[in-house]
Amino acid sequence: YSIEVRKSFSQFLEHINPTIIHGHNIYGGLSSSIIDAAKKNKIPFVLTLHDYKIICPSYLMLNHGKTCQDCLSGHYIYCLKNRCHKNNLLSSSVYMAESYFNKWTRKYENVNAFICPSKFLMKLIEKAGFQREKLFYLRNPIDIANVDPVYKPGDYALFVGRLSHEKGVITLIKAAGKSKVPLKIVGGGPEEEKCRVTVEQMELSNVSLEGYLSGNKLEAAYKNAAFIVIPSECYENAPMSIIEAYAYGKPVLGSKIGGIPEMIMEGVTGGLFVSGEVEDLADKM
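Quick note on the numbering used here: the sequence shown kicks off at 2 and runs consecutively.
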């Protein structure tokens, strides 16, 4: 919580006099102090939930790589007990304290509406005790004005995203090894080296790590793919990569977890497999 931000933001609101405030990922920098500034100036505050931060101190609902709902009851002490944030006692204690502070001071009660990009997230937020009448399901949008879809299938499977444990990239690499389907992996992250080592150890000539791509190169990667794979092993909310894949005319093979299943019409816009299951993913590929 930042008193300085609250004062500055309040002055800013008095200067521009908006009719509504729409917040995104306010937690780290701005903090919940801007909700107080909005209340002081009698301006409605709407918050889009891109993750589970308001019900999970470390926002991913993971306990050492496994999905977790321990804090859903509001007992954020589990964040400290399990060392949920970076497996670090001090970091986890700070995140726990932040969540308790916002709970005890009822900061989120002053939010007028919460936009939930997935029904899965909305159900969890309601289960955690938030008022149902304040929760609104609204899918993430994408601007397709400059997107030229290619419906003809390419010759490889494509992964686009962060190379981290919860994204299931190692599972995907192993599945590609079993299925022999050509796979291109686009992105960077903490497990990049582990991905590279796995590919080398398994001697997979059908898997290539493309690194971080953007602009025309990323567009080409999408257009020339046969399908996109979302192998997540965490409660994904509403992955933008699925929407981007559809915009480019590509089907999606996604894991049955979080908000992913509600975004895929099996056999129509793609398919589903059991999260973390190498054999099932390989078969579906």
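Using N, Cα and C, we set each Cβ at its ideal position, and we do this for glycine too.
Which listed residue (the options) has its alpha carbon closest to that of residue i
| i | options | result |
| --- | --- | --- |
| Ala-114 | His-23, Lys-195, Ala-129 | His-23 |
| Arg-84 | Tyr-96, Val-170, Ser-74 | Tyr-96 |
| Met-264 | Ala-38, Leu-61, Ala-146, Pro-142 | Pro-142 |
| Gly-26 | Lys-41, Asp-52, Ile-44 | The question names Gly, but residue 26 in the sequence shown is Asn. It is Asp-52 whose Cα lies nearest to the Cα of Asn-26. |
| Ile-1 | Ile-231, Tyr-247, Val-170, Cys-69 | This structure gives no information on residue 1, because the portion of the chain shown stretches from 2 to 286. |
| Val-151 | Leu-50, Ala-221, Ala-239, Ala-129 | Ala-221 |
| Ile-171 | Tyr-138, Leu-210, Asp-149 | Leu-210 |
| Leu-48 | Ile-126, Lys-82, Pro-240, Ser-74 | Ile-126 |
| Glu-5 | Ala-176, Gln-70, Asp-149, Ser-33 | Ser-33 |
| Pro-45 | Glu-278, Ile-56, Pro-19 | Pro-19 |
| Gly-30 | Ser-3, Gly-75, Gly-216, Ser-94 | Ser-3 |
| Pro-240 | Lys-54, Lys-181, Leu-122, Glu-134 | Leu-122 |
| Tyr-249 | Lys-40, Thr-270, His-86 | Thr-270 |
Check whether residue i and residue j have beta carbons under 7 angstroms apart
| i | j | result |
| --- | --- | --- |
| Leu-111 | Ile-17 | First, the residue type needs correcting, since residue 111 is Asn and not Leu in the sequence shown. No, Cβ-Cβ distance for Asn-111 and Ile-17 is not below 7 angstroms. |
| Val-253 | Ile-229 | yes |
| Pro-183 | Tyr-157 | yes |
| Leu-14 | Cys-235 | no |
| Tyr-101 | Tyr-77 | yes |
| Met-203 | Gly-178 | yes |
| Gly-66 | His-166 | yes |
| Ala-283 | Ala-176 | yes |
Bridge-paired residues (DSSP) for residue i
| i | result |
| --- | --- |
| Ala-158 | Leu-184, Phe-228 |
| Asn-64 | Lys-67 |
| Tyr-138 | Cys-117 |
| Val-47 | His-23, Ala-114 |
CB-CB length for residue i against residue j, believed under 8 angstroms
| i | j | result |
| --- | --- | --- |
| Gly-1 | Ser-233 | Nothing about residue 1 can be read from this structure; the chain reaches only from 2 to 286. |
| Ala-38 | Ser-11 | 4 angstroms |
| Leu-173 | Phe-160 | 6 angstroms |
| Leu-73 | Ile-56 | 6 angstroms |
| Gly-272 | Lys-285 | 5 angstroms |
| Ala-98 | Gly-155 | Actually they are not in contact, since the Cβ atoms of Ala-98 and Gly-155 sit about 49 angstroms apart, beyond 8 angstroms. |
| Leu-50 | Ile-116 | 7 angstroms |
Residue i at chain E interface by Cβ criterion, 7 angstroms
| i | result |
| --- | --- |
| Asn-88 | The structure shown has no chain E; it contains just one protein chain. |
Cβ pair count under 8 angstroms reaching 3, the stretch 249 to 265 against the stretch 178 to 192: no
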